[in-house]
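All residue numbers for the sequence shown refer to numbering that gives the first Met the number 0, where the first residue is 0 and numbers rise by one. Report on the following structure.
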Amino acid sequence: MPPKRRNGEDADAITGREKKKLKINAARTIAVQPSSQRESSAAIGPSNSATNHSNSLTGLPTALDVEKFVEARAFEIDAMHTAMKTASASSTHRVWQTLPRHLRRRAASHDVRRVPLKLRDRARAEMDPVRKKALGRSLPKLGKGKGMSRTEAFLRRQRDKAWLETHIWHAKRMHMENMWGYRLAVTPTEKSYRPSHRASVHGSILHDASYYSTYEIKGPEEALIALLDLCCDPQGPGPSSKRYLNGSRILETSMYAVGLYPYGLIAPVTIIWRPYLQASSAINTTGSSGNEGVKDVRAADIRSVWLRFHPSVQTAVFNTLKDATSRSLTLYKARHSEEALVEVIDIKRQLNIFEIMGPKSSQVIKGALTPIVSEKSREFLQFWKSLAELQSSGSVPRGMIVGFKVNDPRLNFPPKNAKPATIPSKGVPSIEITFPSANLANSEIWEESMRNSLSKPRYKKKDIDTRRANSDIPGSALKALRQDDCIPILLIQRSVETPNSSGSKGLHGWTLILPAGWSMAFFSSLIYTSTRVAGQQERQTQAYEAGTTYFPRDYPTTEPYQAYAQDREFKEKETWDRKPPAKRVNFEKLGTENPWMSDWAKVLGIPGRDDKDEDFVATQREPEPSQDNEAHIAIKPWLLRGSEVPSILSKLSSVFNVGAALLSEINRLRLKRSHQVLAEDITGAQLLHGALVNVEITMCSRGSPQDLAEIFIIPDGLSIQWERFLQTRNRKSVDDEEHPDELELASHIPPKSSIVGHVTTGHYSLARGEGFAIGAIALARLMELEQQARR
């Protein structure tokens with residue numbers, strides 16, 4: 000191996016790298032004065048070689064001449080300055096190259112603030128003069144020239160969409176998308192699918208649902224009841240039921256177009272009546288703090304009701320309410336011979352809504368909120384005392400409403416989760432369950448003047464932080480003063496569950512409604528207690544794991560579902576087109592006509608304009624008199640939903656003429672709400688063949704159904720073989736004849752006539768530990784499946 004450094008005779012042939020090293024070494028070398036010059040200009044005092052140096056002070060001059068000393072050391076000082084200049088000028092590393100490996104970033108070369116503080120001056124000197132000038136400004140040139148403030152810049156970015164009050168917090172931590180006129184959080188940037196599910200099952204998770212639309216309807220109680228009966232689902236208890244009319248509970252139902260039930264499904268809605276007290280005398284609205292805003296219905300028959308619904312159907316809901324209002328006022332005038340006034344007000348900008356799910360949600364709420372001192376009613380104190388002891392909010396009555404006032408949560412920041420009391424050795428302590436009542440549900444948040452007065456907090460966070468710093472014990476909780484804000488809120492029990500399904504795993508929590516302007520004040524306190532934050536994906540997952548449908552994803556006959564399906568088709572098809580043929584699914588080989596959108600018309604056997612497959616239509620339906628082409632054209636798709644669906648299906652499965660029985664049940668429900676029966680041109684066969692019903696799909700073996708998967712019916716022979724195989728699969732030895740190759744359904748392409756539905760939501764369920772799906776199938780084919788099961 001040749002030596003790294005060559006001999007002196009070959010100095011002219013050295014490489015450029017070696018020349019650079021020699022140059023750097025020469026630049027870093029400090030010149031030394033020759034000994035002859037040093038000796039001639041050395042002495043400034045007596046120098047006796049025979050001096051006794053046992054004492055260090057002996058021989059030192061009694062005085063020092065500064066000028067002579069500097070002259071004597073002039074060479075060393077000049078050499079030091081020259082070495083410093085040459086060393087810095089010949090440096091081969093810039094500031095960003097001198098940083099440790101873990102601090103090096105490409106963006107650091109464009110921003111001085113990305114390097115440590117001690118190196119910023121040198122980094123600024125190495126930067127481009129143009130870039131230096133740009134960094135000297137505090138605002139961009141465009142914004143500074145126009146004098147645009149931070150608030151004006153944010154408002155400018157909201158011209159085509161609206162922001163929630165917690166938008167900035169979410170935008171820093173979550174993926175954001177434009178949805179329904181809002182800029183909403185979809186999912187956190189971190190991996191959070193499993194942690195979010197664990198939080199909803201074992202901890203607590205928070206979702207800002209302030210984007211939901213809210214309408215307030217004011218008018219006579221009788222007119223409001225007639226209005227809601229015209230457009231609400233007739234199944235189960237209605238808006239005029241005693242359990243909901245006094246305002247102690249919420250009613251979750253579905254809204255339909257006026258007079259079109261079971262057609263014209265719009266969306267699920269939540270109905271909240273303003274509570275009132277059945278007192279012996281009229282109560283003034285400016286009474287005591289415990290009864291403020293309470294009205295005696297017998298003194299003034301004017302009620303208020305809130306309707307909460309999905310923002311994608313706001314226009315449809317408004318048009319439906321307008322139509323229902325005109326009809327209800329006509330009925331009211333005919334009965335009482337006097338006109339009434341009904342107001343429909345959009346108050347979504349006046350309210351903020353949080354959804355807190357999980358077994359620890361009760362402890363989080365009690366730790367973050369502090370009721371005012373005047374909240375001393377016996378019912379409320381009993382409820383507030385039991386809140387920390389609840390293992391889950393599912394222990395309280397479903398939909399119970401609690402209204403009260405709280406102090407500014409920033410005064411008690413940082414909060415701590417409330418802890419349940421120690422369990423005595425004798426056993427589990429009994430918890431007194433508070434039952435819903437109008438007195439407990441009363442709140443001043445119903446007053447518009449109160450909401451407007453609290454639209455902006457009286458004190459900013461800076462003022463409260465100053466008070467906390469100036470307190471006797473800095474950092475401790477502050478006592479609420481008379482001038483501090485008192486915020487009225489509503490606390491509503493919320494459950495995501497399917498009561499009629501034995502395998503569902505419900506989730507329970509609370510819905511917190513508070514005035515606008517206070518979102519961040521409450522949000523900061525609620526999430527400080529290690530509560531996770533959910534986006535749209537996490538909220539959908541909660542409904543899926545609980546086995547319930549989610550709007551609009553699982554409502555195939557509604558207009559928002561069509562928009563959702565088209566958007567998903569565009570995204571998935573674009574992703575599929577970007578992949579090479581060898582890396583994407585060959586849907587043509589699998590026999591899938593439209594792999595990105597469910598064809599519900601084919602499922603129901605409704606022929607399209609370009610559909611010429613007459614055999615497919617004939618095999619989709621039972622042999623009934625209305626099987627001709629004209630009957631199929633008159634079929635309208637609709638979704639059978641409601642609390643009485645299990646009982647309706649059990650009745651249909653026990654009769655011979657299913658269409659006539661279904662028509663009879665629908666007319667019974669319509670008469671229940673004082674509607675006329677369906678028109679004579681709508682037959683039972685048309686009603687049956689256009690009906691879809693939501694189903695749950697559990698896997699008999701391994702596998703996870705995916706979205707848009709096809710649900711098909713198998714022949715009787717194959718069904719019997721599968722039944723035998725499932726009965727014997729757990730045995731140690733199974734004959735090969737028990738599970739032949741025909742049972743391998745992966746390679747089996749079903750005929751079009753056997754498709755009965757599609758999966759709307761499906762994947763691996765963490766709550767069940769296996770594949771699970773929610774889908775929709777044709778009601779007529781469901782009856783066929785039940786007959787096959789009996790065979």
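Cβ atoms here follow ideal geometry from the backbone N, Cα and C, with glycine treated the same way.
N-terminal and C-terminal residue of the beta strand (DSSP E) that residue i is part of
i: K404; result: 400-406
i: H762; result: 754-764
i: H174; result: 173-178
i: S524; result: No beta strand (DSSP E) holds S524; the alpha helix (DSSP H) holding it covers 518-526.
i: A124; result: Element bounds for A124: not the beta strand (DSSP E) but the alpha helix (DSSP H), 119-125.
i: V395; result: Unbroken run through V395: none, as it is neither H nor E.
i: L259; result: Premise fails: L259 is in no beta strand (DSSP E) and is neither H nor E.
i: A184; result: 181-187
Run of the alpha helix (DSSP H) containing residue i, from where it starts to where it stops
i: E66; result: 65-71
i: D462; result: 460-468
i: A562; result: 558-577
i: I432; result: Here I432 belongs to no alpha helix (DSSP H), and DSSP marks it neither H nor E.
i: R450; result: 447-452
i: T269; result: From DSSP, T269 is part of no alpha helix (DSSP H) but of the beta strand (DSSP E) over 264-272.
i: E215; result: Element bounds for E215: not the alpha helix (DSSP H) but the beta strand (DSSP E), 212-219.
i: E164; result: That residue, E164, is in no alpha helix (DSSP H); it is neither H nor E in DSSP.
i: W721; result: 715-727
i: F586; result: 586-589
DSSP state of residue i mapped onto helix, strand, coil
i: N411; result: helix
i: K479; result: For clarity, residue 479 is Ala in the given sequence; the question names Lys instead. Here A479 sits in coil by DSSP.
i: E496; result: coil
i: L229; result: helix
i: M254; result: strand
i: R667; result: helix
i: L490; result: strand
i: V818; result: The question about residue 818 has no answer, for the chain in this structure spans 0 to 790.
i: H196; result: helix
i: V312; result: helix
i: E769; result: strand
i: I512; result: strand
i: A170; result: helix
i: H507; result: strand
i: E151; result: helix
i: E544; result: helix
i: T697; result: strand
i: A617; result: Below a pLDDT of 50, predicted positions are generally treated as unreliable, and A617, at 35, falls in that range; the measurement from the model is reported next regardless. Reduced to three states, the DSSP call for A617 is helix.
Closest Cα partner of residue i within the set the options
i: F771; options: V758, D680, A779, E573; result: V758
i: P749; options: R789, E592, S642; result: E592
i: S646; options: N451, W637, A660, N656; result: A660
i: I696; options: I713, A633, I773; result: I773
i: N666; options: H507, G146, G258; result: G258
i: K459; options: L638, R481, R409, V654; result: R409
i: Y181; options: I167, T165, K160; result: K160
i: L686; options: A777, V654, G756, S764; result: A777
i: A564; options: A30, P551, S470; result: P551
i: A775; options: A788, I754, H762, E785; result: I754
i: K601; options: Q535, L691, T540; result: L691
i: A520; options: G546, A533, F412, Y560; result: F412
i: E537; options: E151, F153, D77, S199; result: S199
i: H92; options: R121, R723, L668, A73; result: R121
i: K404; options: S394, Q720, R450; result: R450
i: F655; options: A339, S336, Q786; result: Q786
i: F711; options: A71, L781, G689; result: L781
i: Y763; options: R193, T81, S311, V372; result: R193
Residue i beta carbon near the ligand SAH (any heavy atom closer than 7 Å)
i: T433; result: As far as ligands go, the structure on display features none, and thus does not contain the ligand SAH.
Segment contact, 8 Å Cβ cut-off, at least three pairs: the region 436-449 with the region 481-491: yes
Could you check whether the region 177-194 touches the region 299-308, counting it as contact only if at least three pairs of C-beta atoms, one from each stretch, sit closer than 8 Å? no
Can you list, in chain order, the stretches of the alpha helix (DSSP H) that have 4 or more residues and sit fully within the region 321-393? 360-367, 377-386
Segment contact flag, the region 591-602 with the region 558-577, C-beta cutoff 8 Å, min 3 pairs: yes
Does the region 395-404 come into contact with the region 342-357, if we say contact requires no fewer than three beta-carbon pairs (one atom in each stretch) closer than 8 Å? no
Decide if the region 676-687 is in contact with the region 696-709; the criterion is three or more beta carbon pairs, one per stretch, under 8 Å apart. no
Counting beta carbon pairs with one atom in the region 202-210 and one in the region 354-365, are three or more of them shorter than 8 Å? yes
The region 508-517 in contact with the region 761-770 per 3-pair CB rule at 8 Å: no
Check whether the region 264-277 touches the region 323-335, taking contact to mean three or more Cβ pairs, one atom from each stretch, closer than 8 Å. no
Looking at C-beta atoms only, is the number of pairs between the region 227-234 and the region 470-488 that lie closer than 8 Å three or more? no
Validate contact between the region 363-373 and the region 516-532 using beta carbons, cut 8 Å, 3 pairs: yes
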